[in-house]
Amino acid sequence: MTTTHRSLSICPCCRFIFLTFILGSTNTYGLWGTDFFKQAAGTQYILIEIQTCPHCGYSGYEEDFKERKVTKELKEFVKHNIRPHARCKMLPIWKKYEFAALIAIRRGDPNREVAELYLRGAWCCQLNEEKVGERYYRFKAIEYFQNAFKANETLKEEKAIYTYLMGELYRRIGDVEHMVLWFDRVKGTIGEDEGLKWLMDLAIQQKTHPKNFFTWEDLYRIQSTTIH
């Protein structure tokens, strides 16, 4: 069960005080996507875990509101590039992830963190059947995962997972050529690591007989090869 509690937040960008919901607990008892979206049973955690200041549009996770310093330059960026698009009573949740991604880029956060924000935006669009937005955010996730590879930001296991994920993202936007290219690279990223063999098998499956969601049998097989 996903639980929340109300809390007063102070925007670190404009100092506006607003009431928000904080994620207390959640679960992953819902469908598990082959792009690693672990859905909850009941209320989806990704609809809650991102916060947006209703005054200026500053967006991020709970720690971004409590632990991050906001520079003068970032405040100016938010004022001119986020705030004009944020003054909306019914701001779509995926726009909040987009704002958070734009702020993360400006702040100089790692590319993989930016990519993951865009990917969450795509998941939110998927839940709401917003096809155009889902495709756009998957493209943006691809762009920043590629930047992460170029900047050597990924560890060995992360590199294997992100390589697979690049193939899956390309598959979901219909780019077969790049899908095959990235799925074929997965084998080279895992080497002799038996704990990651499931990822190579998954890449082969998604290239030849793709699924959008894992079955319980898939999850059992993955667990049996990663837990010793």
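Sequential numbering from 657 applies to the sequence shown in my numbering.
Glycine included, every Cβ here is placed at the ideal spot set by N, Cα and C.
None of the values given here were measured: they were computed from a predicted structure.
Is it right to say residue i is buried, meaning 16 or more other beta carbons lie within 10 angstroms of its own, or is it exposed?
i: Leu837; result: exposed
i: Ile883; result: At Ile883 the pLDDT is 39, less than 50, meaning the model places this residue with poor confidence and gives no usable figure here.
i: Asp849; result: exposed
i: Val734; result: buried
i: Thr871; result: exposed
i: Glu732; result: exposed
i: Gly888; result: Summary: the structure shown does not reach residue 888, with the chain confined to residues 657 through 884, and so no result is reported for it.
i: Ala807; result: exposed
i: Ser715; result: buried
i: Gly713; result: buried
i: Cys669; result: buried
i: Tyr793; result: buried
i: Ala742; result: buried
On the DSSP letters alone, give me the boundaries of the alpha helix (DSSP H) that residue i sits inside.
i: Phe795; result: 787 to 806
i: His834; result: 832 to 846
i: Ala771; result: 767 to 783
i: Pro710; result: That residue, Pro710, is in no alpha helix (DSSP H); it is neither H nor E in DSSP.
i: Lys890; result: No answer is possible for residue 890: it lies beyond the span of the chain, which begins at 657 and ends at 884.
Suppose you measure from the CA of residue i to the CA of residue j; what does that come to, to the nearest Å?
i: Val832; j: Lys843; result: 18 Å
i: Lys815; j: Phe839; result: 12 Å
i: Gly686; j: Cys709; result: 30 Å
i: Ala771; j: Arg877; result: 28 Å
i: Lys853; j: Tyr820; result: 12 Å
i: Ile846; j: Thr676; result: 42 Å
i: Val726; j: Lys787; result: 34 Å
i: Glu705; j: Gly764; result: 21 Å
i: Lys796; j: Phe755; result: 13 Å
i: Lys694; j: Phe674; result: 30 Å
With distances taken Cα to Cα, identify the nearest neighbour of residue i among the options.
i: Lys863; options: Arg828, Ile846, Glu850; result: Arg828
i: Arg791; options: Asn803, Cys667, Ala804, Gly777; result: Gly777
i: Leu679; options: Gly830, Gly764, Tyr717, Ile666; result: Tyr717
i: Lys752; options: Asn868, Thr660, Leu703; result: Leu703
Could you tell me the boundaries of the beta strand (DSSP E) in which residue i lies?
i: Gly680; result: 673 to 681
i: Leu664; result: 659 to 666
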